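Presented below is the structure to which this report refers.
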Amino acid sequence: MIKHKITAFILILGALFHMQAQQSAVYTSDLVAYQKALMLYNNQQYLASQTLFKTIKKDAKSEELLSDCAYYIANCAVRLNQQNADQLIEDFVEDYPMSTKRNSAFLDVADYYFANGKYAYAKKWYDKVDESSLARSERDKFSFNNGYVAFVTKDYATAKKHLSRLESSQKYGSQAKYYIGFMAYEGDDYNTANTYFDQVSDQEKYKEKLSYYQADLNFKLGKFEEAIKLAKAQLPKSDRNEISELNKIIGESYFNLEKYDEAIPFLKEYRGKKGKWNNTDYYQLGYAYYKQGNYENAISEFNKIIGGDNGVAQNAYYHLGESYVHLNKKQEALNAFRNASQMDYDLKIQEDAWLNYAKISYEIGNPYQSVPQVLTSYLETYPDTQYKEEIETLLIDSYITSKNYQEALKLLEGKRSYANKAAYQKVTFYRGLELYNEGNYQEAETLFDKSLKEPIEDIYTARATFWKAETDYSLTNYEDALIGFKQFQQQTVSTSTPEVTNIDYNLAYTYFKQKNYPKTTEHFKTFIANHSDDVIRLNDAYLRLGDAYFVSSDYDSAIASYHKAIKINKVDADYAFFQASLSQGYAGNVNKKIADLETFINRYPKSTLRDDAMYELGNSYVKKGENVKALKMYDRLNAEYDRSSLVPKAMLRQGLVHYNANANEQALTKFKNVAKAFPGTPEANQAVSTARLIYIDLGRVDEYASWVQTLDYVNVTDTDLDNATYESAEKKYLDNKSNDAIRQFNNYLNQFPNGIHALQAHFYLAQLYYKDDLKTNAASHYVAVLDAPQSEFTEESLSRLSQVYLEKKNWLEAIPVLKRLETEASFPQNVVFAQSNLMKANYQLENYNEAVSYAEKVLVQSKIDNKIKSDAHVIIARSAMKTNDETKAKAAYSEVEKTATGETAAEALYYNAYFKNQEGAYEASNEVVQQLAKDYSGYKLYSAKGLVLMAKNFYALKDAFQATYILESVIENFKDYSDVVSEAKEELSKIKAEEAKTNASVQPEIED
């Protein structure tokens, strides 16, 4: 029966085929090709398949065949990653809107991109799919793929919408719950995450993945014991990156359980995010070490926290400070506590940090602000603190120990408690002493007066009394000085002061200035009897004692005193020898005087008194009647010291010797030479007067009159008026009537610009103007004196005119005047003054070699005070730094440190620290900077420079916190010093760039 049916079916097909054979031949051929192309597509031979589909499409007549070919051509383009693939899909949908493959095209392309991990491409096509047209069996896959694509592209809201549909799906349910749990984990919804993870944790394929997340979830939920257990179990199965994170979970869990010893090894194994830790990571390990008492390691972690400004940073800086204190690193602790005190995240920590900052500031000094300011600010910030009494006590003492007396005065003004008055007494005294040492005598005296108005402590009352007297002496108020020294002597506590050592010395000098020579000798003798160990002052005391005897005409005693000074041979031995020689003459021992002066000239070839000795020796020869020797000695003086003020005197003397010997022609020659070479001087006037007598004696008055007419400073007819006008002005001068004297001297010079006394008038006018601080007026008259030939007024005029130029910083004008003073001065102190200011002026003009040359000249002088000695070493040091000779600078600054005070001492200390830094002695360098901060905080420039140096030291010592904090503080607190701030910014930028390589919390500085 079956067989018959088959036979019939075949017969029917045969009949049909026969009827349509001609019409369907082409179609059959296309169908075979289509099947071949489809087979190639299914075998993933997309290029061959696409080529065949394109061929079929060209000849296809059927709409359905055209549509199917277009569909597969586009699909092949997608799989071949051809540039026009997306457009081909779009064209297919547009060209064949009724195709049943439209939705399939979108879904198929989306699934292809999904399978190849191109989720962003997949999402584009999934969004085009009509979900309602999908078969039920396809919808779960569509929801999962769409949800996963959204998950991967971080569109968690869309992902959750699709995946939530699949929670009950047998095929996709576990995966959906895992991803929903993970999204909750990523969104910090740890309870939801835990719920979903628990639902899939029994499945083997999720177990390993979930172990890490569950450990982390338990940590974040505060279930630290469970987190530790899960993380430890996962460690052996994890890769390197996950091991790092698991160690962090374990370490931080132990940290939160306060099991710091167990936390440390795990925290250390953490590798950070992308190889970088952040500030919290450093804090946790640092705090764990801190709690174990391992302060070195605690510091090494805390100090990596740079620029932190949150609760964690405040806590870290506070404990960093405590760690430093435990290791007695107080400078480092100061910065850490200061930083913590400037944050208000935890007010209790802030207050405690403030207290520690204030106390340490008192102990070691503070480079940012004065210690009194720090302590006062603490009391103002915390007026009810339980430490109020303790801090107030420190505050009072800090006014003295900080040595920042100027700042202390500002803080003390108006504070009237007994304790503050006691501090005020000391501070005004010490500030007065500073001003005195700087040569600011008027202001110094004001401060000593203020100190004396608060007589709280007797010892400071006595000391202020002494130094007020010293100031009066320096201001030439000798009567007031004498009263002050006597008052000091009468105070019981004066014997306990350092000043008592020199009271007789000072009294003797004061009496000497008042020309009370009996009292002068009394006090110098007392001083000498009690101070045989102070060789320099003993030497000077013998000199002045000799001078007192000399002016009192007690020449034997003078000689004895001068000889003792010569024996000591420390200061002005040449002066002592010269004065002793003169004393021999006045005592009637002319031969001894002559012998001694001859010895002096040979023994002291460089003495500034050698021309005086020659002059005196010539006079002595004249007195003894040895005129030939006298004339030769005067000639020698004139030849060897042609710029000496004694030359006109010596020439005049030669003329007088000839005159007294009746050698009138020779006398006239000398007198005429004096009159011509030294016009307007007293010697010239005397020479003219004596020549007049000779001419009269010789009966050659006409010749005299003709000669005198060649001298423009001699007006024979006006001589009486000239003398009278001058003498009137001079009387006002001698009577201390300054204004009248100035007016009359000016009147004299207006009438007699080249008058007999013009030189004296110019000099006295200059002195009067100088005294009234009208120094510009004084200068022109000093210049007039100096334009004249050498005279007794030359040296004083050179000294005063140079001071005028120096005060105005007219270095170029000062230098030639100072050079003349150096070569022409008779007094050693003027030579030292000239040389010391030549070194300063040349330094200011950047003539560094000249500056050093003069500084070295100053240092070989036997009698210079410490201030000048210090200035000379400073000039050498600064010049050496300018010329990059740091070896020489280092040696010079070490000398400066021995004697310097005030700002110069601060500078020397800074360079001490600088050279130690250059040698790599960073800790030693920091110790010097601390000393600078403690003793010289008032000198802000060197405080700022010292801090930058300290920052460099700390960074070299691998303490990044100290380095960056100090630099930031310099930038914030020292804006007046732009060069220092620029250096600090540059250094800070370098450090932050380096630290940012390992600390994710550090942001490199952006340059302005």
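Using the working numbering, the letters of the sequence shown map in sequence onto residues 307 to 1314.
For each residue, glycine too, the CB sits at the ideal point set by N, CA and C.
Here the structure is a predicted model, which is why all the values come from computation and not from measurement.
Which of the three DSSP states, helix, strand or coil, is assigned to residue i?
i, result
"N1305", "strand"
"K582", "strand"
"P985", "coil"
"R1049", "helix"
"K978", "helix"
"P571", "helix"
"S704", "helix"
"R722", "coil"
"Y462", "helix"
"H1319", "As shown, the chain starts at 307 and ends at 1314. That puts residue 1319 outside it, with no answer to give."
"V1234", "helix"
"E763", "coil"
"M649", "coil"
"P824", "helix"
"R998", "helix"
"F608", "helix"
"V877", "coil"
"Y1039", "helix"
"E564", "coil"
"L269", "The question about residue 269 has no answer, for the chain in this structure spans 307 to 1314."
"Q692", "coil"
"A1299", "helix"
"S887", "helix"
"R471", "coil"
"G453", "helix"
"F1099", "coil"
"P804", "helix"
"P1310", "coil"
Could you round the C-beta distance between residue i and residue j to whole angstroms and report it? I think they count as a contact, below 8 angstroms.
i, j, result
"T259", "L758", "Because the chain here runs from 307 to 1314, residue 259 falls outside it and cannot be looked at."
"P1095", "P954", "7 angstroms"
"S1231", "N1259", "5 angstroms"
"T832", "D810", "4 angstroms"
"A646", "I666", "No, A646 and I666 are not in contact; Cβ-Cβ is about 12 angstroms, not under 8 angstroms."
"Y1238", "Y1228", "Per the sequence shown, residue 1238 should be read as Leu rather than Tyr. So it is not a contact: roughly 15 angstroms between Cβ atoms."
"I611", "Y596", "About 13 angstroms separates the two Cβ atoms, so there is no contact after all."
In the DSSP assignment, find the alpha helix (DSSP H) that holds residue i and state where it starts and stops.
i, result
"I379", "E369 to R385"
"N662", "L653 to I670"
"D860", "Taken as a continuous stretch (DSSP letters only), D860 belongs to no alpha helix (DSSP H), as it is neither H nor E."
"V896", "V896 to R909"
"V1254", "K1246 to A1262"
"R1184", "N1172 to K1188"
"E532", "F530 to Q540"
"F818", "I809 to K819"
"D786", "Y784 to Q796"
"V1276", "A1266 to N1279"
"N925", "R916 to K930"
"E751", "Y747 to L758"
"D1093", "K1081 to D1093"
"P1059", "Element bounds for P1059: n/a, residue is neither H nor E."
"V953", "V953 to N966"
"A622", "G617 to H632"
"Q598", "From DSSP, Q598 is part of no alpha helix (DSSP H); its letter is neither H nor E."
"R942", "N933 to E946"
Can a CB atom of chain B be found closer than 9 angstroms to the CB of residue i?
i, result
"R385", "In summary, chain B is missing from the structure at hand, where a single protein chain is found."
Does the count of Cβ pairs from the region 877 to 892 and the region 842 to 860 closer than 8 angstroms reach three? Look at the beta carbons and you see the region 877 to 892 touching the region 842 to 860: at least three pairs across the two are nearer than 8 angstroms.
Any 3 or more C-beta pairs closer than 8 angstroms across the region 617 to 633 and the region 1272 to 1285: Under the three-pair Cβ rule at 8 angstroms, the region 617 to 633 does not count as touching the region 1272 to 1285.
Practice prompt. Report yes or no: do three or more beta-carbon pairs, one from the region 858 to 866 and one from the region 838 to 846, lie closer than 8 angstroms?
Written response: Cβ pair count under 8 angstroms is below three, so no.
*Tell me the start and end of each unbroken alpha helix (DSSP H) in the region 380 to 440 that is at least 4 residues and wholly inside, in chain order.*
Annotation note: the region 380 to 440 contains the following uninterrupted alpha helix (DSSP H) runs of length 4 or greater, listed N- to C-terminal: 391 to 401, 408 to 421 and 425 to 432.
* Can at least three beta-carbon pairs, one atom from the region 797 to 806 and one from the region 814 to 827, be found at a separation below 8 angstroms? -> No, they do not touch.
| query | Residue ranges of each alpha helix (DSSP H) run of no fewer than 4 residues wholly in the region 1108 to 1175, ordered along the chain? | reply | Taking only runs of at least 4 residues, the alpha helix (DSSP H) segments lying wholly in the region 1108 to 1175 are 1117 to 1130, 1134 to 1150 and 1154 to 1165.
Could I get the ranges of all uninterrupted alpha helix (DSSP H) runs contained in the region 1185 to 1227, with 4 residues as the minimum, in chain order? Listed in chain order, the complete alpha helix (DSSP H) runs (minimum 4 residues) inside the region 1185 to 1227 are 1192 to 1205 and 1208 to 1224.
- Message: Pairs of beta-carbons, one from the region 1011 to 1020 and one from the region 1037 to 1050, closer than 8 angstroms: are there three or more?
- Response: In short, these stretches do not touch, since the Cβ pair count stays below three.
Exercise. Counting pairs of Cβ atoms below 8 angstroms between the region 1116 to 1133 and the region 1141 to 1160, do you hit three or more?
Worked result: With contact defined as three or more Cβ pairs closer than 8 angstroms, the region 1116 to 1133 and the region 1141 to 1160 are in contact.
Do the region 1268 to 1277 and the region 548 to 563 touch if we need at least three Cβ pairs shorter than 8 angstroms?
Touching, no.
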